[in-house]
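Novice: The sequence shown begins at 12 in the working numbering and counts up one residue at a time.
Built from N, CA and C at the ideal position, the CB exists for glycine as well.
Got a structure here, written out as structure tokens. Questions coming.
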Amino acid sequence: MTQPTQDPVAPAVGLRVEPLIGRTGFQATGEVNAVNRSMWESALDASVAAAGSGALAGPVVHLDLSELTRVDAGGAAAVAASAGRLGPDGRVVLHSPPPHLPRILDVLWPRMPGIEVEP
12 MTQPTQDPVA PAVGLRVEPL IGRTGFQATG EVNAVNRSMW ESALDASVAA AGSGALAGPV
72 VHLDLSELTR VDAGGAAAVA ASAGRLGPDG RVVLHSPPPH LPRILDVLWP RMPGIEVEP
């Protein structure tokens, strides 16, 4: 009996999101793609809802993306939509995003207010 093998060229990569302690948002590990985008969107929705409750100086969502390797265009669209839902004083702060994510956001949403990138 042979054992199934995994293609070494295309390893399975998932997404894990964990809430941040002490601030609104989450840490993401892995990659965002069509298969797991609903998990990404749910985490963003929950963070936007939490940030909107009781914010005095404008709601802020922090995303620790230091362990994220890839975000597809649909995942970037979800970030832009989340920033839009936070209102004119709200912000989504991307901490250590993969280099391509700010580029995608700049190309597709060049004047989108409320998205900040921190290395």
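Following the continuous alpha helix (DSSP H) through Pro113, name the residue where it begins and the one where it ends.
Specialist: 111-119
Novice: So Val43 and Leu26 are in contact, right, with Cβ under 8 angstroms, and what is the actual spacing, rounded?
Specialist: The distance from the Cβ of Val43 to that of Leu26 is about 6 angstroms, consistent with a contact at the 8 angstroms cut-off.
Novice: Exposed or buried, what is Ala60 when buried is set at 16 or more other beta-carbons lying within 10 Å of its beta-carbon?
Specialist: Answer is exposed; the Cβ neighbour count stays below 16.
Novice: In the DSSP output, which residue or residues are listed as bridge partners for Asp75?
Specialist: Gln38, His106
Novice: Out of curiosity, what's the CA-to-CA distance linking Ser93 and Gly125?
Specialist: Whole-angstrom Cα-Cα distance: 9 angstroms.
Novice: Which word fits Met12, buried or exposed, when buried means at least 16 other C-beta atoms lie within 10 angstroms of its C-beta?
Specialist: Only weak support exists for where Met12 lies, its pLDDT of 44 falling under 50; the value from the coordinates is given anyway. That one is exposed.
Novice: Once DSSP output is grouped into helix, strand and coil, what is the label at Arg81?
Specialist: strand
Novice: When burial is assigned at 16 or more other CB atoms within 10 Å of the CB, is Ser3 buried or exposed?
Specialist: Nothing in the structure corresponds to residue 3, since the chain is present only between 12 and 130.
Novice: Within a Cβ cutoff of 7 angstroms, which residues of the same chain sit near Gly85, ignoring the five residues on either side of it in sequence?
Specialist: Ala45, Arg48
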